[in-house]
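Asker: Protein sequence lines, in the order shown, are assigned to chains A and B. Using my numbering, you'd call the opening residue of the first sequence number 1 and step up by one each time. Using my numbering, you'd call the opening residue of the second sequence number 1 and step up by one each time. Ideal Cβ placement from N, Cα and C applies to all residues, glycine included. Since the structure is predicted, the reported quantities are computational estimates derived from the model, not experimental observations.
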Amino acid sequence: MLLRTDRASRACYRTDGGQIVYRFPDAVVHARCPEDVAEVLHRAQHNGTPVTCRGGGLTTEGESVGGAGILLDVKGMNRLIDCDGATAWVEAGMTWYEVAAALRPLGLDYTSAPLNLLSTVGGTLGVGGIDVNSPRHGCAADQAVELEVVTPTGEIVRVKEGDDYLERVLLGYGQFGVITKARIKVRPYRPMTVRHFLYTDVGVALADMMHLVEQDAVEACAILTLRDDVVALILGFECEPQDFPLRHLSERRTIATVACRFALRPWRWRDAGFLRRRQAELLPSLHNPLFVRDGCVHDRAVVFSRLIWRQWGGRRVVIPDLAITMSNFETAARRGIAVCKRYFPYFTLYAVMIRKFGDRPRYEMSAIPATDDPHVCGIEFSPLLEGADYSPDHYQRFKNAIYDVGLELGGSYYRFGGVMKPYIRRMFGEDLVNRHRAMKLQLDPAFILNPGVIFDAPEAA
Amino acid sequence: MSELNFGDCIGCGLCILGCPAYEETGFDLLTARGRNKGLQAGLDASEMTESIWACTLCGYCDAICPNDVHNVAIVLSLRRQLAAVRLKPDTTGEGVDVQPRLSSVGSGFSRTKAVVEPSLVLGCTIRERAAHLIPSIRDFLTRIGRSSDAADAASGACCGSLEVEAGRGMPSKSRAGVVADPICLEQYDAEFLGVLAMQHLELFDLEPPFYYYAPHRLVNRDHARMYPLYDGLRRRFDCDMNFDLNRLARSTSAGSLQGLSGEHALDIPAAVARLLAHSRAERIVTCSPADYLAFKAYSGRETRYITECLR
Numbered sequence: 001m002l003l004r005t006d007r008a009s010r011a012c013y014r015t016d017g018g019q020i021v022y023r024f025p026d027a028v029v030h031a032r033c034p035e036d037v038a039e040v041l042h043r044a045q046h047n048g049t050p051v052t053c054r055g056g057g058l059t060t061e062g063e064s065v066g067g068a069g070i071l072l073d074v075k076g077m078n079r080l081i082d083c084d085g086a087t088a089w090v091e092a093g094m095t096w097y098e099v100a101a102a103l104r105p106l107g108l109d110y111t112s113a114p115l116n117l118l119s120t121v122g123g124t125l126g127v128g129g130i131d132v133n134s135p136r137h138g139c140a141a142d143q144a145v146e147l148e149v150v151t152p153t154g155e156i157v158r159v160k161e162g163d164d165y166l167e168r169v170l171l172g173y174g175q176f177g178v179i180t181k182a183r184i185k186v187r188p189y190r191p192m193t194v195r196h197f198l199y200t201d202v203g204v205a206l207a208d209m210m211h212l213v214e215q216d217a218v219e220a221c222a223i224l225t226l227r228d229d230v231v232a233l234i235l236g237f238e239c240e241p242q243d244f245p246l247r248h249l250s251e252r253r254t255i256a257t258v259a260c261r262f263a264l265r266p267w268r269w270r271d272a273g274f275l276r277r278r279q280a281e282l283l284p285s286l287h288n289p290l291f292v293r294d295g296c297v298h299d300r301a302v303v304f305s306r307l308i309w310r311q312w313g314g315r316r317v318v319i320p321d322l323a324i325t326m327s328n329f330e331t332a333a334r335r336g337i338a339v340c341k342r343y344f345p346y347f348t349l350y351a352v353m354i355r356k357f358g359d360r361p362r363y364e365m366s367a368i369p370a371t372d373d374p375h376v377c378g379i380e381f382s383p384l385l386e387g388a389d390y391s392p393d394h395y396q397r398f399k400n401a402i403y404d405v406g407l408e409l410g411g412s413y414y415r416f417g418g419v420m421k422p423y424i425r426r427m428f429g430e431d432l433v434n435r436h437r438a439m440k441l442q443l444d445p446a447f448i449l450n451p452g453v454i455f456d457a458p459e460a461a
Numbered sequence: 001m002s003e004l005n006f007g008d009c010i011g012c013g014l015c016i017l018g019c020p021a022y023e024e025t026g027f028d029l030l031t032a033r034g035r036n037k038g039l040q041a042g043l044d045a046s047e048m049t050e051s052i053w054a055c056t057l058c059g060y061c062d063a064i065c066p067n068d069v070h071n072v073a074i075v076l077s078l079r080r081q082l083a084a085v086r087l088k089p090d091t092t093g094e095g096v097d098v099q100p101r102l103s104s105v106g107s108g109f110s111r112t113k114a115v116v117e118p119s120l121v122l123g124c125t126i127r128e129r130a131a132h133l134i135p136s137i138r139d140f141l142t143r144i145g146r147s148s149d150a151a152d153a154a155s156g157a158c159c160g161s162l163e164v165e166a167g168r169g170m171p172s173k174s175r176a177g178v179v180a181d182p183i184c185l186e187q188y189d190a191e192f193l194g195v196l197a198m199q200h201l202e203l204f205d206l207e208p209p210f211y212y213y214a215p216h217r218l219v220n221r222d223h224a225r226m227y228p229l230y231d232g233l234r235r236r237f238d239c240d241m242n243f244d245l246n247r248l249a250r251s252t253s254a255g256s257l258q259g260l261s262g263e264h265a266l267d268i269p270a271a272v273a274r275l276l277a278h279s280r281a282e283r284i285v286t287c288s289p290a291d292y293l294a295f296k297a298y299s300g301r302e303t304r305y306i307t308e309c310l311r
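1) On the CB-based measure, 16 or more other CB atoms within 10 Å of its CB, does N246 of chain B come out buried or exposed?
2) So for E302 of chain B, helix, strand or coil by DSSP?
3) For the alpha helix (DSSP H) containing T56 of chain B, list its first residue and its last residue.
4) Using a Cβ-Cβ distance cut-off of 8 Å, determine whether G69 of chain A contacts chain B.
5) Could you give the residue range of the beta strand (DSSP E) that holds C53 of chain A?
6) From what residue to what residue does the beta strand (DSSP E) around C377 of chain A run?
7) Starting from C188 of chain A, trace the alpha helix (DSSP H) both ways and give me its first and last residue.
8) Distance, Cα to Cα, G126 of chain A vs A68 of chain A?
9) Per the DSSP calculation, S256 of chain B is bridged to which residue(s)?
10) Excluding the five sequence neighbours on either side, which residues of its own chain have a C-beta within less than 6 Å of the C-beta of P25 of chain A, listed in chain order?
11) Quick one: Cα of H264 of chain B to Cα of C158 of chain B, how far?
12) How would you call C239 of chain B, buried or exposed, if buried means at least 16 neighbouring beta carbons within 10 angstroms?
13) Could you name each continuous alpha helix (DSSP H) segment of 4 residues or more that falls completely within the region 63-139 of chain A, going from the start of the chain to the end?
14) Kindly identify the DSSP beta-bridge partner or partners of I324 of chain A.
15) What do you reckon, are the CB atoms on P188 of chain A and H278 of chain B nearer than 8 Å?
16) Mind checking the region 45-56 of chain B against chain A and listing, in chain order, the residues whose C-beta falls within less than 8 Å of any C-beta there?
17) Distance cutoff 8 Å, beta carbons only. Does V230 of chain A sit that close to anything in chain E?
18) For chain B, check one thing: does any of its Cβ atoms lie closer than 8 Å to the Cβ of C12 of chain A?
19) Per DSSP, which one or two residues make a beta bridge with R293 of chain A?
20) Going by C-alpha distance, which of B:P289, B:A297 and B:S299 is nearest H132 of chain B?
21) Quick check on the DSSP output: the alpha helix (DSSP H) that includes T331 of chain A runs from which residue to which?
22) What does the alpha-carbon distance come out to for the pair L14 of chain B and C65 of chain B?
23) CB I156 of chain A to CB P34 of chain A, shorter than 8 Å?
24) F381 of chain A: which of A:V405, A:P392, A:P374 and A:R360 sits nearest, CA to CA?
25) When the cut-off is 8 Å and only beta carbons count, does I10 of chain B lie next to chain A?
26) Kindly indicate which residue of B:A214, B:A190, B:L233 and B:D222 has the alpha-carbon position closest to the one of Q199 of chain B.
27) Output needed in chain order: residues of the region 50-80 of chain A with a Cβ under 8 Å from some Cβ in chain B.
28) At a Cβ cut of 7 Å, what residues of the region 17-28 of chain A count as close to chain B, listed as they run along the chain?
29) With a 10 Å radius around its C-beta and 16 neighbouring C-beta atoms as the bar for buried, classify H30 of chain A as buried or exposed.
30) Pull up the distance between the alpha-carbon of T56 of chain B and that of A8 of chain A, whole angstroms please.
31) Alpha helix (DSSP H) containing S366 of chain A: first to last residue?
32) State yes or no: is the C-beta of I143 of chain A within less than 8 Å of the C-beta of T111 of chain A?
33) Within 10 angstroms of the Cβ of F447 of chain A, are there 16 or more other Cβ atoms? Answer buried if so, exposed if not.
34) Can you check DSSP and say which residues form a bridge with G236 of chain A?
35) Just checking, does the region 224-242 of chain A make contact with the region 273-287 of chain A on the three C-beta pairs under 8 Å criterion?
36) Who are the neighbours of H278 of chain B on chain A, taking C-beta pairs under 8 Å?
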């Protein structure tokens with residue numbers, strides 16, 4: 001374990017992926033093993049020192065930005081311990097990139113992980129982790145079958161599927177313990193052939209995706225848009241690509257349709273320029289020989305991760321989202337688009353579906369909305385800033401407006417901690433939140449682990 | 001100073017994936033993201049000396065950055081700032097370090113500069129630590145019809161690349177024919193011997209299985225041109241290589257300022273072990289002299305410089 005208090009070390013951690021919240025931690029601890037984590041939490045519990053746990057630091061609402069107290073960096077716990085061909089026992093500070101790199105020589109791959117490979121295993125299991133193959137495999141948190149966890153009071157425990165504590169920690173937003181090791185499902189590595197199909201109506205594209213998912217027809221799928229003008233349904237095949245009766249348009253017809261929409265509306269010509277610019281930048285990336293070999297995308301997550309940052313990253317990463325039921329998918333998308341148009345000239349939607357495995361306790365008060373459907377849906381609404389910047393208040397009002405849509409339609413959110421915490425009680429209700437907060441207090445009496453991210457501290461409650 | 005675009009860093013962290021300093025220490029502070037976040041927070045060079053000297057200038061961060069932050073240029077600029085501070089007259093009475101920080105490099109820091117345009121630049125490492133490679137290098141160049149008159153071998157002058165990397169000099173791209181050591185390309189506008197080798201693979205006895213260490217500084221800094229060349233080798237011979245999932249080259253850091261000077265050096269044996277962890281190849285081949293010596297010393301496997309594999 002190494003504790004550092006110099007300004008340069010602390011400056012590395014003063015913001016997160018969102019770059020909205022800025023705070024210097026008092027000290028940084030680099031944990032190398034579970035015993036390091038246990039010692040920090042044990043001492044912190046005794047002294048009442050706040051501990052903010054951080055892996056990849058890719059939260060967007062300041063959840064992994066520590067203020068007063070200790071910033072606990074767990075990325076030093078990053079070894080693949082063993083692999084039996086069906087599961088891998090990994091240290092939870094491993095990034096998914098490190099997991100992929102360690103499994104590749106064995107001919108294996110992780111099952112489902114976030115597109116951003118800099119996320120760590122532990123952080124991801126705490127919040128969900130949505131991949132393009134989540135319609136078939138579920139979220140990353142559903143790939144864990146065993147965990148080693150350091151409790152907020154500093155005990156190191158191992159839990160397996162069926163144990164109550166495992167259900168608390170998975171999708172527990174870092175409130176109930178620090179995951180230090182995880183046994184995750186793995187599968188044979190297979191390159192992916194990617195096809196994209198264009199639409200000019202988001203509702204038609206969503207309906208086509210839902211149909212494919214219900215039929216379990218493809219290994220991977222997601223929808224990406226440029227505003228609501230061009231909608232791309234992206235399908236990934238690990239075997240020979242198949243043809244489906246989709247209602248998409250050819251690229252030429254898509255361009256013609258969009259051009260007709262703009263032709264008589266001079267005030268939208270600037271939008272046409274934006275679409276052409278984005279098309280010119282994006283299409284060569286999709287055919288980059290670094291990523292595509294013999295027509296297949298190799299290492300899908302590496303590709304998507306790099307493209308996403310290049311095409312959609314920015315000085316601010318503002319991604320309010322809605323996690324909703326299939327019946328509300330299209331309504332949520334259309335109402336969210338209307339909100340986007342009120343706040344930003346350019347924006348994108350990323351829409352995915354996630355397989356749900358029955359009614360696991362971990363889904364309670366999480367990004368997986370309560371429903372009997374076999375799948376749930378998620379939409380991220382992200383402004384494309386194109387060099388512009390706005391006031392923090394503007395971003396916050398935008399996020400609130402999206403989250404208000406969620407309140408009206410029911411469901412949940414993926415990013416409900418940190419700055420967005422005021423929505424937690426409105427979304428989940430007082431009883432459920434109070435029950436989870438009571439569990440937190442039982443496990444973390446001094447309320448030191450990631451305080452204030454999800455629940456109010458005792459004195460503020 | 002517009003090229004010092006640390007303000008463009010969005011903190012994605014892709015740069016830490018293959019950063020040699022991060023691989024060894026796990027400290028964000030020592031990565032491009034760490035430096036950029038420090039600079040964004042208003043820190044100056046004197047507060048980030050550890051990070052500034054940890055960078056091996058391998059170029060991984062520049063190649064992978066989605067926002068085109070010039071991380072190598074930023075480090076060099078910060079080193080020049082530190083060097084300027086050290087060379088200021090002492091006004092405090094406490095003494096000022098005007099001794100070159102890396103004086104242990106020895107003749108590698110000779111201020112003499114070759115004035116003629118050499119047809120072959122061998123570099124200090126080959127001249128001083130691997131002179132037995134010179135005949136095979138000359139043999140290879142002769143076979144492909146290139147002059148192999150090693151001008152710098154006679155003069156003993158250093159090209160000054162280490163001075164540039166230490167922040168005590170600006171690059172002066174002199175013209176030369178062929179350069180045998182990648183680090184000398186900091187100072188020469190020339191063809192690299194390893195690239196010529198890739199273009200004449202028929203001259204070499206490269207029987208698989210082997211591990212080929214591609215020069216990270218070339219592959220990462222000129223990725224679009226260099227990667228296909230070395231990937232061609234991988235496809236042809238199905239050899240293991242030092243590319244990661246991002247198709248970028250990981251390094252031993254032996255061919256860096258730190259590796260060559262011994263100051264602030266990373267753990268080169270550990271880096272060699274990491275690179276070879278998943279390779280069962282018994283033979284290692286490379287066109288990077290410093291890495292050749294590192295693999296020879298620490299891998300426990302047969303190691304050859306590319307021209308030693310001539311048929």
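Answerer: Straight from the coordinates:
1) It is buried - the Cβ of N246 of chain B has at least 16 other Cβ atoms within 10 Å.
2) Reduced to three states, the DSSP call for E302 of chain B is strand.
3) Element bounds for T56 of chain B: n/a, residue is neither H nor E.
4) False, the Cβ-Cβ gap to chain B never drops below 8 Å.
5) Unbroken beta strand (DSSP E) run through C53 of chain A: V51 to R54.
6) In the DSSP annotation of this structure, the continuous segment of the beta strand (DSSP E) that includes C377 of chain A starts and ends at H375 to P383.
7) Note on identity: in this sequence residue 188 of chain A is Pro, with Cys being the wrong assignment. Element bounds for P188 of chain A: not the alpha helix (DSSP H) but the beta strand (DSSP E), V178 to P188.
8) If you take the alpha carbons of G126 of chain A and A68 of chain A, they lie about 23 Å apart.
9) The partner list for S256 of chain B (beta bridge, DSSP) is empty, contrary to what the question assumes.
10) Cβ neighbours of P25 of chain A beyond the five flanking positions: R10, Y13, G66 and L71.
11) Take the alpha-carbon of H264 of chain B and the one of C158 of chain B: they are about 21 Å apart.
12) Classification for C239 of chain B: buried.
13) For the region 63-139 of chain A, whole alpha helix (DSSP H) runs of length 4 or above, ordered along the chain, are 96-103, 121-127 and 134-137.
14) The partner list for I324 of chain A (beta bridge, DSSP) reads A:C377.
15) Judged by their CB atoms, P188 of chain A and H278 of chain B are not nearer to each other than the 8 Å cut-off.
16) For the region 45-56 of chain B, which is checked against every Cβ of chain A, the residues closer than 8 Å are E47, M48, E50 and S51.
17) Given the protein chain composition of this structure (A and B), no chain E is represented.
18) Chain B contact via Cβ: present.
19) DSSP, once it has assigned bridges, lists A:C296 as partnering R293 of chain A.
20) Relative to the Cα of H132 of chain B, the nearest Cα in the group B:P289, B:A297 and B:S299 belongs to B:P289.
21) Counted as a single uninterrupted DSSP element, the alpha helix (DSSP H) harbouring T331 of chain A occupies residues F329 to Y343.
22) If I take the Cα positions, the gap works out to 7 Å.
23) Yes.
24) Per the Cα distances, A:V405.
25) Chain A contact via Cβ: present.
26) Nearest of B:A214, B:A190, B:L233 and B:D222 to Q199 of chain B, Cα basis: B:L233.
27) Listed by position along the chain: G56, G57, L58, D73, K75, G76 and N78.
28) Residues G17 and Q19.
29) Classified as buried, H30 of chain A has 16 or more neighbouring CB atoms from the shown chains inside 10 Å of its CB.
30) Looking at the two C-alpha atoms, the distance is approximately 19 Å.
31) S366 of chain A -> no alpha helix (DSSP H), and no H or E assigned at all.
32) Looking at the sequence provided, one finds Gln at residue 143 of chain A rather than Ile. At a Cβ-Cβ threshold of 8 Å, Q143 of chain A and T111 of chain A count as neighbours.
33) F447 of chain A is buried by the Cβ-count criterion.
34) In the DSSP output, where bridge partners are listed per residue, G236 of chain A has A:V194 and A:A220.
35) Judged by Cβ distances under 8 Å, the region 224-242 of chain A makes contact with the region 273-287 of chain A, as three or more pairs qualify.
36) What H278 of chain B touches in chain A: P105.
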